[in-house]
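Same order as they appear, the protein sequences are chains A and B. Quick note on numbering: the first sequence equals residues 17 to 357 in the working numbering. Quick note on numbering: the second sequence equals residues 17 to 357 in the working numbering. For glycine and all other residues, C-beta sits at the position ideal for the given N, C-alpha and C. Heads up, the thing below is written out as structure tokens.
There are 2 protein chains.
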Amino acid sequence: MLPTIKWEDDKIIMVDQRKLPAEEVYIKCLDYTQVAEAIETMVIRGAPAIGVAAAFGVALGVKQISDRDDLDAEFARVYRRLERTRPTARNLFWALEQMNAVYKSSRCLTLPALKQKLIDKALTIEKEDISRCRKIGSWGKSLLKKGQTILTHCNAGALATAGYGTALGVIRAAFDEYEGITVYAGETRPFLQGARLTCWELTKDNIPVTLITDNMAGCLMRRGEISVVVTGADRIASNGDTANKIGTYSLAVLAQENNIPMYIAAPLNTVDFSLSSGEQIPIEERDADEVRKICGCDITLPDIKVRNPSFDVTPAEYISAIITECGIAYPTYKDSLEKFR
Amino acid sequence: MLPTIKWEDDKIIMVDQRKLPAEEVYIKCLDYTQVAEAIETMVIRGAPAIGVAAAFGVALGVKQISDRDDLDAEFARVYRRLERTRPTARNLFWALEQMNAVYKSSRCLTLPALKQKLIDKALTIEKEDISRCRKIGSWGKSLLKKGQTILTHCNAGALATAGYGTALGVIRAAFDEYEGITVYAGETRPFLQGARLTCWELTKDNIPVTLITDNMAGCLMRRGEISVVVTGADRIASNGDTANKIGTYSLAVLAQENNIPMYIAAPLNTVDFSLSSGEQIPIEERDADEVRKICGCDITLPDIKVRNPSFDVTPAEYISAIITECGIAYPTYKDSLEKFR
């Protein structure tokens with residue numbers, strides 16, 4: 017299992033995903049503000065992993081409270097700091113809400129007991145995230161078969177979760193079950209999660225992976241070289257509209273045009289049942305230099321105007337199925353997702 | 017006018033497009049093999065510019081023949097060397113055929129007279145390329161209007177031609193005619209011609225340009241932020257199927273899905289009337305390190321398997337019109353292109 021994130025007594029350890037695969041560097045977060053910064057700067061990324069990091073961040077923040085009189089104010093401060101790190105992934109808010117519920121029901125305990133409750137809850141969130149990924153893999157593999165070539169985008173792997181992965185969980189489970197499974201990884205500009213993280217993860221597991229630039233996917237689909245597309249998700253509206261890494265919408269349209277199934281693999285805590293459609297999902301726009309520079313090197317004029325939406329929304333009509341830990345949801349998603357709720 | 021390529025007596029001067037925009041370096045080709053290498057290594061690129069470079073290469077190759085007895089063998093050697101530089105762009109072969117016709121009809125002249133004929137022909141090819149681009153611009157602007165936002169891909173600009181550009185020729189002409197014309201440039205991985213060359217060219221001309229990664233185009237189309245797509249072409253089959261920089265097919269599918277017109281801008285010498293469909297167009301696959309490295313820096317595992325098709329084929333049914341120097345061809349292209357022949 018890859019070391020995405022780990023709770024250690026009075027610190028949280030994460031592999032610095034900005035530096036992979038060139039360097040395997042571990043970062044120690046000694047307080048909740050460092051956890052928040054790690055999420056913001058993408059030391060850790062991937063919707064489920066962000067959720068786990070936020071839960072650990074709350075546990076660490078409360079663990080460092082010494083004065084019981086400040087408890088509510090300090091908890092609110094920790095919560096709000098972690099809440100404003102990144103706007104799109106549902107799992108962040110889900111994890112914070114889980115921690116908040118435990119806080120509310122346990123705030124009358126002694127301070128040490130409350131702290132332990134929150135640590136236990138965060139560790140449970142971590143553990144359950146892995147088990148959800150394994151179930152997603154198990155359901156998902158039933159949609160795949162021997163000899164297929166799977167295109168994935170960004171990194172929805174062990175590094176994007178507490179372990180095993182969502183889209184890569186499906187790929188791992190299929191690879192273990194069937195012969196001849198191979199993968200195309202889209203490099204995923206601007207942050208190159210596909211080139212850097214997915215290629216690294218799959219190579220570590222000896223799963224055959226071929227890297228392409230994002231704009232090659234359509235051409236390979238048309239040539240019949242891709243059997244199926246599987247990606248993760250950052251937030252799914254109750255009608256199945258799915259926000260995921262920028263470029264996912266394009267892959268979904270191209271898949272439909274070429275009669276290729278497009279699957280989303282995500283735990284149910286990615287579904288935001290409060291939203292009726294994907295139009296309501298807030299989409300983060302990140303810094304222009306993520307596009308202008310690669311490896312610290314200017315690839316264009318240093319002051320060129322840039323757009324940098326980190327996510328796009330794929331309307332439900334382009335999605336063949338949503339693979340969750342409770343089973344596979346098919347259209348109409350409003351009904352099928354609700355049934356899993 | 018930008019200095020793409022220039023004939024100078026006994027050498028050919030080109031701006032090194034691999035180094036733009038960080039450095040404006042000029043390369044001197046002192047013989048035809050250096051011209052061939054400049055085409056292969058993408059010092060110069062863009063279908064019409066490659067054609068001009070090949071014509072100059074033939075003129076330079078023949079200019080350096082000293083022994084009339086070797087004439088036919090030496091001409092064949094020069095021709096074959098330039099012919100095998102890159103397989104996809106039609107303009108390369110068109111220019112070589114033009115030079116070959118002049119050679120055949122003039123080979124009984126004195127050697128100095130033959131040399132001058134070939135130089136004159138190459139200079140005519142260069143001059144006519146610019147005038148074709150201006151006519152393409154003039155026709156193309158009639159398809160655009162005030163306030164539109166145009167998405168382009170790769171670089172089909174002055175740097176891809178002898179000057180002015182094909183797709184960027186259309187954009188330049190529209191910008192001169194209408195208020196509020198703005199451009200989105202797709203960065204165009206792996207070689208980043210959009211980020212490096214299109215942004216540089218348009219900024220020099222004060223045409224407002226915003227850079228995006230290739231995988232953002234679909235999302236912006238869906239949001240209604242793109243009015244029209246205009247790209248160049250490397251080879252067009254007689255039925256209108258169009259080979260162009262990898263990623264063009266994806267943009268065409270996404271444009272159609274979002275009811276956005278998709279225009280190809282190219283001179284008629286890009287059309288290969290010998291091919292009945294795009295399936296017959298040879299597609300170059302280039303070196304894996306073009307994908308694995310950016311600015312000399314590994315963006316993935318150094319030995320990861322890679323696919324690197326440089327071009328894709330957009331079937332004619334996704335193309336709203338083909339803008340040539342003779343006018344605008346609409347479907348059915350077999351008829352409309354034939355009429356311009």
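- The DSSP assignment places 165-168, 198-202 as complete runs of the beta strand (DSSP E) inside the region 124-202 of chain B, in order along the chain (cut-off: 3 residues).
- Contact check between the region 311-328 of chain B and the region 270-289 of chain B: fewer than three CB pairs, one atom from each, fall below 8 Å, which does not count as touching.
- Residues of the same chain with a CB within less than 6 Å of the CB of Ile29(A), apart from the 5 flanking positions on each side, are Lys22, Tyr42, Lys44 in chain order.
- Close CB contacts of Gly153(A) within its chain, under the 7 Å cut and outside five residues either way in sequence, are with Tyr180, Gly185, Val186, Arg188, Ala189 (chain order).
- Here the region 55-66 of chain A lies against the region 94-103 of chain A, with 3 or more beta-carbon pairs under 8 Å apart.
- Cβ contact annotation for Pro283(B) (same chain, cutoff 8 Å, sequence separation greater than five): Pro64, Asn107, Asp145, Arg148, Cys149, Ile152, Thr182, Thr340, Glu341, in chain order.
- By the Cβ criterion, the region 256-267 of chain A is in contact with the region 199-212 of chain A, since at least three pairs of Cβ atoms, one from each stretch, lie closer than 8 Å.
- Pairing Lys143(B) with Val78(B) gives a Cβ-Cβ distance that is not under 7 Å.
- Non-local C-beta neighbours of Leu125(B) in its own chain, meaning closer than 8 Å and more than five positions away in sequence, comprise Lys133, ordered along the chain.
- For Leu227(A), the enclosing beta strand (DSSP E) covers residues 225-228.
- Val59(A) sits in coil when the DSSP states are folded into three classes, being neither helix nor strand.
- The C-beta of Ser326(B) comes no closer than 7 Å to any C-beta of chain A.
- Under the Cβ distance rule, Ile315(B) counts among the residues neighbouring chain A, one pair being separated by less than 7 Å.
- One Cα belongs to Glu300(A), the other to Thr104(A), and the distance between them is close to 6 Å.
- Looking at the DSSP output, Ala70(B) shares a beta bridge with no other residue.
- Per DSSP, reduced to three states, the secondary structure at Ala332(B) is helical.
- Counting the other Cβ atoms within 10 Å of the Cβ of Ser254(A) gives 16 or more, which makes it buried.
- Annotation: the continuous beta strand (DSSP E) that includes Gly343(A) extends over 343-345.
- Nearest in C-alpha terms to Leu291(B), of all of Ala70(B), Tyr349(B), Tyr95(B), Glu193(B), is Tyr349(B).
- For Met237(B) and Thr214(A), the gap between their C-alpha atoms comes out near 28 Å.
- With a cutoff of 7 Å on beta-carbon distance, Leu317(A) and Thr286(B) are scored as not near each other.
- Tyr194(A) and Ser243(A) have their alpha carbons spaced roughly 14 Å apart.
- Rounded to whole angstroms, Trp110(A) and Ala70(A) show a C-alpha spacing of 10 Å.
- Taken through DSSP and simplified to helix, strand or coil, Glu24(B) comes out as strand.
- Glu241(B) and Gly67(A) have their alpha carbons spaced roughly 32 Å apart.
- Closer than 8 Å at the C-beta level to chain A, one finds these residues of the region 189-215 of chain B: Tyr200, Gly202, Glu203, Thr204, Arg205, Pro206, Leu208, Ala211, Arg212, Cys215.
- Here Ala92(A) is exposed: its Cβ has fewer than 16 other Cβ atoms, across all protein chains shown, within 10 Å.
- Nearest to Leu76(B) by C-alpha distance, out of Leu139(B), Cys313(B), Ser122(B), is Leu139(B).
- Contact between Asp250(A) and Phe327(A) holds: their C-beta atoms lie close to 6 Å from each other, under 8 Å.
- Here Asn231(A) carries a helix assignment [DSSP, helix/strand/coil].
- The beta carbon of Asp32(A) sits no closer than 7 Å to any beta carbon of chain B.
- Among the residues of the region 253-281 of chain A, those with a Cβ less than 7 Å away from any Cβ of chain B are Ile262, Gly263, Tyr265, Ser266, Val269, Leu270, Glu273, in the order of the chain.
- Taking the CA atoms as reference points, Pro37(A) sits about 30 Å from Ile252(A).
- Interface criterion not met: the Cβ of Met115(B) is under 7 Å from no Cβ in chain A.
- According to DSSP, residue pairing for Pro325(A) in a beta bridge involves Glu301(A).
- For the 7 Å CB-CB criterion, Gly294(A) and Asp257(A) form a contact.
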